[in-house]
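Counted the way our numbering counts, the sequence shown spans residues 17 to 315.
For each residue, glycine too, the CB sits at the ideal point set by N, CA and C.
Nothing here was measured: the structure is a model prediction, and the numbers come from that model.
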Amino acid sequence: MRIESFFLSILFTLSAVFLETLCCSGQETKSYTLWQLPPRTSTQNMAYVVRTRDGKVIVIDGGNAGDAEYLKGFLAPLGNHVDAWFISHPHPDHVDALTAILNNLGQLKINNIYGSMPSLDWVAKYEAKPTSHLTTVKNFYQAVRKRDKTIHELQLGQILQFGDLKIQVLGIKNPEITANAINNSSIVLRFGDRYKSVLFTGDLGVQAGQKLMKTKYAGQLKSDYVQMAHHGQAGVDRNFYAAVEAKACLWPTPIWLWNNDKGTGKGSGPWGTLTVRQWMDELGIKKHYVSAYGISIIE
Numbered sequence: 017m018r019i020e021s022f023f024l025s026i027l028f029t030l031s032a033v034f035l036e037t038l039c040c041s042g043q044e045t046k047s048y049t050l051w052q053l054p055p056r057t058s059t060q061n062m063a064y065v066v067r068t069r070d071g072k073v074i075v076i077d078g079g080n081a082g083d084a085e086y087l088k089g090f091l092a093p094l095g096n097h098v099d100a101w102f103i104s105h106p107h108p109d110h111v112d113a114l115t116a117i118l119n120n121l122g123q124l125k126i127n128n129i130y131g132s133m134p135s136l137d138w139v140a141k142y143e144a145k146p147t148s149h150l151t152t153v154k155n156f157y158q159a160v161r162k163r164d165k166t167i168h169e170l171q172l173g174q175i176l177q178f179g180d181l182k183i184q185v186l187g188i189k190n191p192e193i194t195a196n197a198i199n200n201s202s203i204v205l206r207f208g209d210r211y212k213s214v215l216f217t218g219d220l221g222v223q224a225g226q227k228l229m230k231t232k233y234a235g236q237l238k239s240d241y242v243q244m245a246h247h248g249q250a251g252v253d254r255n256f257y258a259a260v261e262a263k264a265c266l267w268p269t270p271i272w273l274w275n276n277d278k279g280t281g282k283g284s285g286p287w288g289t290l291t292v293r294q295w296m297d298e299l300g301i302k303k304h305y306v307s308a309y310g311i312s313i314i315e
C-alpha cells in the first residue's frame with residue numbers, strides 16, 4: 017500500500033503540473049473543460065471542476081476536509097475565482113472540503129453557492145446516525161454564514177447559463193424519502209452545450225432515482241457522460257442508467273471501492289461496485305474515468 021500511495025502521489029503531482037501548463041497555454045477549446053479530481057485521503061470523495069470557454073469556473077462538491085488544500089491548489093492556476101459552487105448533498109465526503117475552504121479562504125474568491133439543502137431538524141430526525149452527519153451539516157452552514165454567504169436554493173426545472181454552458185436542474189431534495197435520507201436528497205444536474213453533456217447524480221439512491229424516472233424530467237436525462245451515483249454502488253438502479261444512455265462513466269471512486277476490495281482481494285468486500293460495472297458492460301459502455309487513477313480531463 018505504501019508503494020501504491022507513493023506512485024499515486026507522483027501521478028497527482030504530474031497531473032497538477034499538466035493542468036498548470038494547460039491553463040497557461042492559451043489553448044482554446046470548442047467546449048467546456050471538465051476535471052474529475054482524485055481523492056487525497058483513503059476514503060471516497062467527489063470533486064469536479066468545470067471551466068467554460070469564456071473562463072467561468074464551476075465546482076461540484078469538493079470532497080473531504082483532507083481534499084481541501086489540494087482543491088485550493090488546483091483552483092489557483094484557474095484564477096483563484098469560483099463563479100458557482102454546487103453541493104450535491106451535505107455528506108462529509110462531498111461538502112467538508114468546501115467547509116474547510118470557507119474557514120480558510122486565503123486568496124480564493126467564491127461568488128455563489130448552490131444546493132438543495134435539508135434543514136437541521138430534518139437531518140436530526142431522519143439521519144441521526146452517525147452523529148457526525150449532523151455535525152457536518154451544522155459545520156457547513158456555520159462556515160457559509162461566517163463568509164456572509166447564502167446557499168441559493170435550486171428549483172426543479174431551473175436553468176442556469178454560464179456562457180455556452182447550460183445547467184439544468186433535474187432533481188432536488190426529496191424530504192418525503194426518509195430511507196437513505198440525505199443521499200436520496202442529492203441534486204441531479206445536467207451540464208451541456210452543443211458538443212457534450214454530463215449528468216451529475218451525487219449520491220442519489222434507488223428511491224429518488226425511481227421518483228425522478230416518473231417525472232417529466234426523465235426524458236432529459238440522456239447525456240454523453242454520467243457520474244456514477246454514490247461512488248458507483250448502492251446508488252440508482254440499472255433502469256436509471258439505461259435511460260441516460262451514456263457513452264462513458266465518471267467514477268468518483270477510490271481503488272478499494274472500484275475493486276470491491278476490503279483488503280483481501282478483488283470482490284472480497286460487501287459493496288456493489290462490481291455489479292454496477294457489469295451493468296455498464298451490459299449497456300455497452302466501454303469508457304470509464306476512475307478517480308482512483310488520478311485526474312481525468314474531458315474537453
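1. What's the gap between the Cα of Met17 and the Cα of Gly279?
2. From this set, Trp274, Gly187 and Asp240, which residue's C-alpha is nearest Ser104's C-alpha?
3. Determine, using beta-carbon pairs with one atom in the segment 110-126 and one in the segment 82-89, whether at least three such pairs fall under 8 Å.
4. With a threshold of 8 Å, are at least 3 pairs of Cβ atoms found where one atom belongs to the segment 91-106 and the other to the segment 126-144?
5. Could you name each continuous beta strand (DSSP E) segment of 3 residues or more that falls completely within the segment 131-178, going from the start of the chain to the end?
6. Select from Phe156, Gly218, Ser213 and Pro134 the residue whose C-alpha is nearest the C-alpha of Gly248.
7. Thinking C-alpha only, which one of Ala224, Lys230 and Cys265 is nearest Val242?
8. Is the beta carbon of Asn199 sitting closer than 7 Å to the one on Ile193?
9. Quick check on the burial criterion: 16 or more other C-beta atoms within 10 angstroms. Buried or exposed for Gly179?
10. DSSP on Thr115, reduced to helix/strand/coil?
11. For Leu172, which residues in the same chain have their Cβ closer than 7 Å to its Cβ, ignoring the five residues on either side in sequence?
12. Val260 and Leu220 - do their beta-carbons sit closer together than 7 Å?
13. Leaving out the 5 sequence neighbours to the left and right, which residues in its chain are closer than 6 Å to Leu176 when beta-carbon positions are compared?
14. Just to check my reading of the structure: Leu181 and Thr68 have Cβ atoms closer than 8 Å, yes? What is that Cβ distance to the nearest angstrom?
15. Run through the segment 251-289 for me and flag every whole beta strand (DSSP E) of 3 or more residues, listed as ranges in chain order.
16. Grouping DSSP H, G and I as helix and E and B as strand, with all else coil, what is His247?
17. Report back the beta-carbon spacing between Leu53 and Ser307 to the nearest angstrom; my notes put them in contact at under 8 Å.
18. What ranges does the beta strand (DSSP E) occupy inside the segment 74-120, keeping only unbroken runs of at least 3 residues that lie completely in it?
19. Compute the Euclidean distance between the alpha carbons of Leu136 and Leu150, then round it to the nearest angstrom.
20. Check the DSSP bridge columns for Arg206 and list the partner residues they point to.
For this structure:
1. For the purposes of this step, residue 17 is taken as the residue at position 1 of the sequence shown. For the purposes of this step, residue 279 is taken as the residue at position 263 of the sequence shown. At Met17, the pLDDT of 37 sits below 50, so the modelled position is not reliable; the number obtained from the coordinates is stated separately. Their Cα atoms are separated by approximately 10 Å.
2. Position 88 of the sequence shown holds residue 104. Out of Trp274, Gly187 and Asp240, Gly187 has the C-alpha closest to the C-alpha of Ser104.
3. yes
4. yes
5. Restricting attention to beta strand (DSSP E) runs no shorter than 3 residues, the segment 131-178 encloses them at 167-169 and 175-178, ordered along the chain.
6. Indexing the sequence shown from 1 puts residue 248 at position 232. That would be Gly218, whose Cα lies nearest to the Cα of Gly248.
7. Locating residue 242 in the sequence shown gives position 226, where the first residue counts as 1. When each option's Cα is compared against that of Val242, the closest is Cys265.
8. Within the sequence shown, numbered from 1, the residue matching residue 199 stands at position 183. Within the sequence shown, numbered from 1, the residue matching residue 193 stands at position 177. Cβ distance not < 7 Å, so Asn199 and Ile193 don't count as in contact.
9. Position 163 of the sequence shown, counted from the start, is the residue given in the question as residue 179. Exposed: under 16 other Cβ atoms inside 10 Å.
10. Translated into the one-based positions of the sequence shown, residue 115 becomes position 99. Of the three classes helix, strand and coil, the one that applies to Thr115 here is helix, per DSSP.
11. Locating residue 172 in the sequence shown gives position 156, counting from the first residue. Excluding residues within five positions, the ones whose Cβ falls inside 7 Å are Val185 and Ile188.
12. Locating residue 220 in the sequence shown gives position 204, counting from the first residue. Locating residue 260 in the sequence shown gives position 244, counting from the first residue. For Leu220 and Val260, no; Cβs fall outside 7 Å.
13. Your numbering for residue 176 matches position 160 in the sequence shown. So the qualifying residues of the chain are Ile183.
14. For the purposes of this step, residue 181 is taken as the residue at position 165 of the sequence shown. For the purposes of this step, residue 68 is taken as the residue at position 52 of the sequence shown. Leu181 to Thr68, Cβ: 5 Å. Contact.
15. 264-267
16. Within the sequence shown, numbered from 1, the residue matching residue 247 stands at position 231. His247: helix per DSSP, three-state reduction.
17. Here residue 53 corresponds to residue number 37 of the sequence shown, with the count starting at 1. Here residue 307 corresponds to residue number 291 of the sequence shown, with the count starting at 1. Leu53 to Ser307, Cβ: 7 Å. Contact.
18. 97-102
19. As a position in the sequence shown, residue 136 is number 120, starting the count at 1. As a position in the sequence shown, residue 150 is number 134, starting the count at 1. Taking the straight line joining both Cα atoms gives about 7 Å.
20. Position 190 of the sequence shown, counted from the first residue, corresponds to residue 206. Arg206 is bridged to Gln184 and Leu215.
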